[in-house]
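Numbering (the working numbering), first residue to last: 14 to 496. Ideal Cβ placement from N, Cα and C applies to all residues, glycine included. One structure below.
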Amino acid sequence: MNNKMIKYVLGVILKLEAGFMVVPLILSFIYKEETIFKISYFSTIGILLFLGFLLSRKVPDNMKFFAKEGLVTTSLSWIALSIFGALPFVITGQIPSFIDAFFEVVSGFTTTGASILTNVEALNKSLLYWRSFTHLVGGMGVLVLALAILPQNNNQSLHIMKAEVPGPTVGKLVAKMSYNSRILYMIYLCITAIIVIFLLLGGMPLFDAVIHAFGTVGTGGFGIKNNSVAYYNSPYIEYVLGFGMLFCGMNFNLFYALILKNFKQIYKNEELRFYLGAVTLAIISICINIAPMYDSISHLFRDVFFTVSSVVTTTGFSTADFDTWPVFSKTILLVLMFMGGCAGSTAGGFKVSRVVVLLKSAINEFRKTGTPNRIFSIKMDGKIISKELFGSISTYLILYISVFFLLILCIAPESPDFVSAFSAVTATFNNIGPGLGVVGPTSNYSHFSDINKIVLSFSMLLGRLEIFPILILFSPNLYKKYK
14 MNNKMIKYVL
24 GVILKLEAGF
34 MVVPLILSFI
44 YKEETIFKIS
54 YFSTIGILLF
64 LGFLLSRKVP
74 DNMKFFAKEG
84 LVTTSLSWIA
94 LSIFGALPFV
104 ITGQIPSFID
114 AFFEVVSGFT
124 TTGASILTNV
134 EALNKSLLYW
144 RSFTHLVGGM
154 GVLVLALAIL
164 PQNNNQSLHI
174 MKAEVPGPTV
184 GKLVAKMSYN
194 SRILYMIYLC
204 ITAIIVIFLL
214 LGGMPLFDAV
224 IHAFGTVGTG
234 GFGIKNNSVA
244 YYNSPYIEYV
254 LGFGMLFCGM
264 NFNLFYALIL
274 KNFKQIYKNE
284 ELRFYLGAVT
294 LAIISICINI
304 APMYDSISHL
314 FRDVFFTVSS
324 VVTTTGFSTA
334 DFDTWPVFSK
344 TILLVLMFMG
354 GCAGSTAGGF
364 KVSRVVVLLK
374 SAINEFRKTG
384 TPNRIFSIKM
394 DGKIISKELF
404 GSISTYLILY
414 ISVFFLLILC
424 IAPESPDFVS
434 AFSAVTATFN
444 NIGPGLGVVG
454 PTSNYSHFSD
464 INKIVLSFSM
474 LLGRLEIFPI
484 LILFSPNLYK
494 KYK
């Protein structure tokens with residue numbers, strides 16, 4: 014284990030977070046907020062810079078970075094970001110409990126959008142900005158950003174990308190990982206800017222547009238109004254955000270293919286076709302099911318389109334209380350929650366690519382019953398899936414199910430019923446935010462005990478980092494000293 018390299022990267026990450034907090038500090042002056050807000054940012058920035066320079070003051074002689082270091086660095090970075098990111102909320106007293114503040118910031122960085130706040134409109138502008146800015150940072154990944162700006166990157170950085178970027182594989186756009194990260198972040202920020210412009214054209218104030226763009230491109234869902242996007246009552250804004258969420262649920266590598274005018278690659282992408290097909294089928298099915306509840310077809314389609322886009326991309330914005338919809342519609346939404354978006358996107362869930370591979374495997378097993386001696390290969394985009402990759406997907410499925418039910422067992426002792434525990438874990442582990450029942454779109458997580466909030470916080474981290482980076486911290490072998 015290259016401990017010096019881990020400390021160095023962690024120090025860089027803390028300095029980055031200090032830089033991120035400069036903007037909310039400036040906003041606290043612009044909006045003439047109380048002195049305590051300025052003190053909270055100054056003190057947090059000071060702590061971050063002190064620890065950051067302490068950890069990264071010397072560049073390690075040994076720069077080698079392998080899979081284990083990548084996993085450990087990723088998990089420690091995300092935990093540290095959340096701990097220090099919670100300090101402004103606690104110091105200002107707007108979220109007095111550190112556990113509540115930690116939950117809120119973890120929810121932001123993991124782009125979950127789950128909240129303990131009963132009145133989000135009571136937060137000051139600078140904290141509203143910081144709360145949603147965590148979506149922008151966490152969506153693409155802070156370590157991916159670090160790879161984009163660190164000059165000493167090499168292909169060993171792929172181990173960090175694999176640990177932080179969701180999906181069974183990491184697609185390289187170009188040979189050098191630092192350039193790969195820069196391209197991804199440029200695309201990411203361009204999409205954010207485009208969404209801001211479209212929202213401004215719809216009459217949304219600049220501050221609101223920026224906040225909602227952060228939540229859309231990061232598929233996080235933190236809003237600044239108690240009734241989320243429904244507050245604006247604007248079909249135009251809902252469609253802009255709806256399409257924005259769907260686009261950000263796609264693999265960002267496809268946007269690079271679009272820039273290169275490689276339309277053939279986009280058209281032949283099986284994951285994208287399955288993703289769009291599932292969304293279309295879900296919208297049609299739910300529209301038919303809940304049609305009697307609406308007087309207007311346009312309103313019906315708008316609510317269903319927005320809700321499906323929000324749920325499948327695990328964003329969490331809401332315009333309708335889907336917890337009041339029939340069981341059939343809620344079941345479809347539950348399936349979409351587990352499926353999530355595409356690999357290499359900012360969305361959570363199990364990922365469409367894994368679902369496609371497992372479905373193809375099941376179909377092949379069915380075909381083998383008629384011709385048991387025949388060998389069938391699993392292909393994705395015309396390429397054969399290797400046994401190693403299929404094995405890793407199968408292992409992840411087993412681990413995913415095991416961790417999911419373990420989290421339910423942890424929540425169950427203090428839950429009123431199974432549905433409450435199941436819904437809370439589903440919403441946090443898949444980084445969705447709102448779920449069903451006690452954590453529905455009109456509810457929040459404030460009623461959970463501190464212990465359950467800690468469990469659900471780690472549930473969000475496990476879901477966003479896809480289990481392995483967090484689990485490795487509990488491995489006894491990690492702390493053994495080898496001679």
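| Asked | Found |
| --- | --- |
| Simplified DSSP state of I397, which is helix, strand or coil | strand |
| Contact check, V242 vs A226, beta carbons under 8 angstroms | no |
| Top-ranked residue by Cα proximity to V317, from V370, E251 and Y244 | E251 |
| Any 3 or more C-beta pairs closer than 8 angstroms across the segment 462-478 and the segment 115-127 | yes |
| Rounded straight-line distance, which links the Cα of N75 to that of S90 | 20 angstroms |
| Other residues of its chain near L84: CB distance less than 7 angstroms, five sequence neighbours each side excluded | A176, F481, P482 and I485 |
| K51, enclosing alpha helix (DSSP H) - first and last residue | T48 to S69 |
| Alpha carbon of G65 to alpha carbon of A93, nearest angstrom | 11 angstroms |
| Candidates T229, E134, F265 and G231, of which the one nearest S194 by Cα | F265 |
| Identified DSSP bridge partners for K392 | I397 |
| Bounding residues of the alpha helix (DSSP H) (the contiguous stretch that carries N16) | N16 to F33 |
| Sequence-distant residues of its chain with Cβ nearer than 7 angstroms to S56 (five each side left out) | I104 |
| Residue from A99, L491, P109 and G154 with nearest C-alpha to W143 | A99 |
| Rounded distance between the beta-carbons of T229 and C261, thought under 8 angstroms | 6 angstroms |
| Helix, strand or coil at E479 according to DSSP, with G and I counted as helix | coil |
| Cβ-Cβ distance between G448 and A437 below 8 angstroms | yes |
| Under 8 angstroms between C-beta atoms of L267 and L289 | no |
| DSSP-derived helix/strand/coil call for L136 | coil |
| Alpha-carbon spacing of R367 relative to A440, whole angstroms | 19 angstroms |
| DSSP-derived helix/strand/coil call for R195 | helix |
| Where V187 sits in the DSSP three-state scheme | Its pLDDT being 46, under 50, V187 is placed unreliably by the model, and the measurement read from it follows with that caveat. Three-state result, V187: coil. |
| N-terminal and C-terminal residue of the alpha helix (DSSP H) that C261 is part of | P248 to C261 |
| CB contact flag (I237, E134, <8 angstroms) | yes |
| Cβ-Cβ separation, G354 to N443 (assumed contact under 8 angstroms), whole Å | With 8 angstroms as the limit, N443 and G354 do not qualify as a contact, their Cβ atoms being about 10 angstroms apart. |
| Beta-carbon spacing of T123, G154 below 8 angstroms | no |
| Residue environment, S399, which counts as buried when at least 16 other CB atoms sit within 10 Å | exposed |
| DSSP state of K77 mapped onto helix, strand, coil | coil |
| Cβ-based burial, C504 [other Cβ within 10 Å; buried from 16] | The requested residue 504 does not occur in the structure, where the chain is confined to residues 14 to 496. |
| Collapsed DSSP secondary structure at K466 in the structure displayed | helix |
| At least 3 beta-carbon pairs within less than 8 angstroms: the segment 339-346 vs the segment 375-392 | no |
| Residue of I19, N16, Y249 and D336 minimising C-alpha distance to S311 | Y249 |
| Counted within 10 angstroms of its Cβ, other Cβ atoms place L219 as buried (16 or more) or exposed | exposed |
| Rounded straight-line distance, which links the Cα of L419 to that of F330 | 28 angstroms |
| Euclidean distance between Cα positions of S405 and L371 | 11 angstroms |
| Span separating the alpha-carbon of T455 from that of L27 | 35 angstroms |
| Which listed residue (Y44, L40, L62 and M34) has its alpha carbon closest to that of Y54 | M34 |
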